[in-house]
Amino acid sequence: MSGGRPRYGTIVDTRLSGGGPTGVLSSYIIRDDEDERYYSFDYRHIVTEGFRTIRAGEHVRFHISAESPDRAEFVIRLAQPDPAEYYR
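In terms of the numbering used here, the sequence shown has 63 at position 50, counting the first letter as 1, and numbering is strictly consecutive.
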């Protein structure tokens with residue numbers, strides 16, 4: 014499962030990974046607030062109900078993967094946007 018304590022960070026980049034049925038799924042990069050290291054993850058690791066996406070600049074809580082120490086998992090958005098504002 015996940016390695017260690019929860020970490021906090023900021024989403025700094027979104028990249029189209031070309032996956033999924035339409036070929037437009039994204040992967041994301043988090044910069045850890047404490048040690049400023051970078052971790053990647055994809056939409057499957059976002060813990061939420063419904064549509065799984067995150068924008069650059071959002072703050073998140075996450076765990077570092079025990080299997081792959083450069084990967085994040087169990088990513089939770091700390092400030093859920095108002096849907097009307099998010100989809101403008």
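We put the CB at the ideal spot given by N, CA and C, even for glycine.
Are the CB atoms of ASP55 and ARG20 nearer to each other than 8 Å?
no
Would you say VAL88 reaches chain C, if we count a Cβ-Cβ gap shorter than 8 Å as a contact?
In the structure shown, chain C cannot be found, because there is only a single protein chain.
Quick check on DSSP: helix, strand or coil for ARG57?
helix
With DSSP as the reference, label ILE67 as helix, strand or coil.
coil
Taking 8 Å as the limit between beta carbons, can you name the residues of its chain near THR23, skipping five residues before and five after?
ILE43, ARG44, ASP46, GLY70, GLU71, HIS72 and VAL73
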